[in-house]
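Here's the structure, in structure tokens; my notes come after.
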Amino acid sequence: MRKLLFLVFFLTGVATPFVTYALDTEKVILNLNKQIKGLKTRNRELLGKIEEIEAQQQLTIKKLDELSEIIKFQATKGSENINNVLPNQSLKVSNEDALKLYKRGRSYLLTQQFEKSIDSFSSYLELYPTGEHLNDSRYWLIKSYLAKGDFTNAESLFVANEEKLRLHYKYPNLLFDLAKNYKNNKDFDNSILLITRLIDNFPNNNRIENAKEFLNELNLLKKQKLTQSN
7 MRKLLFLVFF LTGVATPFVT YALDTEKVIL NLNKQIKGLK TRNRELLGKI EEIEAQQQLT
67 IKKLDELSEI IKFQATKGSE NINNVLPNQS LKVSNEDALK LYKRGRSYLL TQQFEKSIDS
127 FSSYLELYPT GEHLNDSRYW LIKSYLAKGD FTNAESLFVA NEEKLRLHYK YPNLLFDLAK
187 NYKNNKDFDN SILLITRLID NFPNNNRIEN AKEFLNELNL LKKQKLTQSN
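Take the numbering used here: the last position of the sequence shown gets the number 236, and nothing is skipped along the way.
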């Protein structure tokens, strides 16, 4: 009997540290998962802020270019009033409501509320046809459609506004994104067309090497498709 009691106490004493260790490990894993989720959320927020800063930089450059043109024009004309110079290119007074609507759309897109981001950017295009973020709204509306999986509307909007979108600093990225969607739809010809346009027109783009690899992959897939059809 004594031996049995001793064995029970011994086994209890040995097992307890292992149980405690297992519970502590589970707590550590849960804490790590929470930290990872927090970091992912923070990363999305930072990416959004970086994109907003880039957009503001491009807007500032555009304004400086416009101001430079006005100054040059004044220097040649001398007597004209600056408010009457280049009326369609004059520096725009920022519209607070328009800016709020644009930022709301960006926020919805970052939090993956695609229907709301689509509504916001569509409303901006309708309400502020001369707004400072007009081309940005076109770009992010296409991105919203792509994120939602609505390639049909994304493609239609791109085709209808490509000439204007060429002026956007993220136009190369849009070419790449659309090319990938064409590839997913087995439309290798249009995919090759867009990725080739990126490579030819933006040789210094930071995604140029990826674009070249992607083009090689597309050519191989197209060749395989032609072989299978024959």
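C-beta: ideal position from N, C-alpha, C; glycine also.
Does the beta-carbon of residue i have 16 or more other beta-carbons within 10 angstroms, so that it is buried, or is it exposed?
i      : result
LYS229 : exposed
ALA166 : exposed
LEU224 : buried
LEU38  : exposed
SER197 : buried
LYS43  : exposed
ASN141 : buried
LYS189 : buried
THR82  : In this predicted model, THR82 has a pLDDT of only 46, less than 50, meaning its place in the structure is not dependable enough to derive any value.
LEU162 : Contrary to the premise, residue 162 reads as Ser rather than Leu in this sequence. With fewer than 16 Cβ atoms within 10 Å of its Cβ, SER162 is classed as exposed.
Flag this pair as yes or no: are the beta carbons of residue i and residue j separated by less than 8 Å?
i      : j      : result
SER123 : GLY137 : no
SER150 : LEU131 : no
PHE164 : LEU171 : yes
ALA153 : PHE194 : no
PHE220 : ASN187 : no
TYR134 : ALA104 : yes
Provide the residue span of the alpha helix (DSSP H) that contains residue i, from first to last.
i      : result
PHE120 : 120-133
THR202 : 194-207
LYS228 : 214-235
LEU173 : Where LEU173 is concerned, there is no enclosing alpha helix (DSSP H), given that its DSSP letter is neither H nor E.
ASP142 : 140-154
Going by CA-CA distance only, name the one from the options that's closest to residue i.
i      : options                          : result
LEU159 : HIS174, HIS139, LYS33 and LEU184 : Inspection of the sequence shows that residue 159 is occupied by Asn rather than by Leu. Minimum Cα distance to ASN159 is reached at LEU184.
LYS231 : LYS33, LYS192 and HIS139         : LYS192
For the putative contact between residue i and residue j, defined by C-beta atoms under 8 Å, what is the C-beta separation to the nearest angstrom?
i      : j      : result
ILE148 : LEU180 : 6 Å
PRO178 : ASN211 : 5 Å
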